[in-house]
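For reference, the structure discussed in these notes is given below.
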Amino acid sequence: MVGYLISGIAVWGVIGWLVDRGLHWGGIPIAVGVLVGAGLGIYLMLKRFGT
Amino acid sequence: MSRAALVHSGDIPWPPSVHEFFPPDLFGGNGPWFTKFTLLVWLAVALIIVFFLVAYRDPKMVPGKMQWIAESIYGFNRNDIARDVIGHEGIKFAPYLATLFTFIAVTNIFSIIPGIQISPNSHIAFPAMLAIITYVLYIYWGIRRHGFGKFVKQSLILPDVPWWLLPLLIVIEFAQVFVFRPITLALRLFANMFAGHIVLLVFTLGGFLIAGAGNWFIKPISVVSWALAILITFLEALICLLQAYVFVMLTSSYLQTSLAEEH
């Protein structure tokens, strides 16, 4: 279950990192990716396991 | 004991390192073709087969001690894991789950048996193999039950989610179901057994190191270190069985999501 939260952060964090590597925006995309990923992960968890 | 000589010679293998987990070939060969781990895996398999054969050789209505233990192990996997997690059709997975449970439990317990004191599962290859079997199994059953397209769709796409959110979620779901599940499954078992072995080494060898210290005020502390090593051994016994349970529990939980009709 917590897997979704971690997956979300990992996947979108890495995507953010890739974007940052391409565009050199000083790490901002990584932060955005991690936060968005965490949000999506929690959303997924609630959808899958919530009532 | 020869350990006493070891203390004075001052060549205690300190600090413990990953080399502990790459034992040499038992027949003196160059490659890792037949190491202590190979021997232990075969030993575990033999022990499990012999135990269950002997326990069920002459089954009675009122089971004897051995039959009772064997039936408890199988019953636990069949009723409390397979049926409760997967549902009624989970019973057909009970043989696999029970085998997995006993194999992991026995190989884990090797880590605290005096004279053996290391588990094959503290080497990533063995948990990885077990995780791959589970991975293939739940994907196979998902495809067999729903067909490839529907299984992938069901695994990746949640019902009633706003369309603009779907692309963001599909990436996470894909990573979770097809990439992270087998990796975390293997890593969890491996890391627990690896860390347990390292911690035991630190306290046991550390005790010898303290005993070998020149200062007589420090020497007695080695007893504390060994006492802790014994306590941690009991904790390890608990972790060994718990990790076997967790592995089987997660395997059946993954099977359940593969077999489920609609979420």
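Heads up: the protein sequence lines correspond to chains A and B, in order.
Residue numbering for the first sequence follows my numbering, beginning at 93 and increasing consecutively.
Residue numbering for the second sequence follows my numbering, beginning at 7 and increasing consecutively.
Backbone N, C-alpha and C fix where the C-beta goes; we use that ideal spot for every residue, glycine too.
Cβ-heavy atom distance, B:Tyr260 to the ligand HEM, below 7 Å: In the structure on display, the ligand HEM does not appear, and there are no ligands present to speak of.
Reference B:Glu77; option with closest CA among B:Gly93, B:Val91, B:Ala100: B:Ala100
Amino acids of chain A, ordered along the chain, whose beta-carbon sits closer than 7 Å to that of B:Phe186: Gly95, Ser99
Whole-angstrom distance between B:Tyr144 and B:Ile97, CA atom to CA atom: 15 Å
Bounding residues of the alpha helix (DSSP H) (the contiguous stretch that carries B:Tyr62): No alpha helix (DSSP H) holds B:Tyr62; DSSP gives it neither H nor E.
CA-to-CA distance, A:Ala130 to A:Ala102, given in whole angstroms: 9 Å
CB contact below 8 Å: B:Thr108 versus chain A: no
Contact between the stretch 184-197 of chain B and the stretch 126-136 of chain B (3+ Cβ pairs under 8 Å): yes
Cβ-based burial, B:Arg9 [other Cβ within 10 Å; buried from 16]: Reliability fails at B:Arg9, whose pLDDT of 48 lies under 50, so the model's placement of it is uncertain and the value that follows must be treated cautiously. The residue in question, B:Arg9, is exposed, as its Cβ has fewer than 16 Cβ neighbours within 10 Å.
Spatial distance of B:Pro168 from B:Thr257 (CA atoms): 31 Å
Close beta carbons around A:Leu136, own chain, < 6 Å, minus the five adjacent residues each side: Tyr96
8 Å Cβ cutoff met for B:Phe107 and B:Asn83: yes
Under 9 Å from the C-beta of B:Val190: neighbouring residues of chain A: In the sequence on display, residue 190 of chain B carries Thr and not Val. Correct list: Gly95, Ile98.
Under 7 Å by beta carbon: chain B residues contacting A:Val103: Val177, Ile178, Ala181
Any chain A beta carbon closer than 8 Å to B:Leu174: yes
Presumed contact (8 Å Cβ cut-off) between B:Gln249 and B:Val91, rounded CB distance: Not really, about 17 Å apart at Cβ, beyond 8 Å.
Extent of the continuous alpha helix (DSSP H) run through B:Leu193: 187-217
Burial state of B:Tyr80 (16 or more Cβ within 10 Å): buried
Closer than 8 Å to chain A by CB, B:Val47: no
B:Leu247 in three-state terms, based on DSSP: helix
Short CB-CB distance (under 8 Å) between A:Leu138 and chain B: no
Which of helix, strand or coil DSSP assigns to B:Phe240: helix
B:Val229 versus B:Gln73 - alpha carbon distance: 41 Å
Given 8 Å, three or more beta-carbon pairs between the stretch 183-191 of chain B and the stretch 136-155 of chain B: yes
Three CB pairs or more closer than 8 Å across the stretch 113-127 of chain B and the stretch 237-254 of chain B: yes
Cβ neighbours of A:Leu115 in the same chain (closer than 8 Å, five flanking residues each side left out): Pro121
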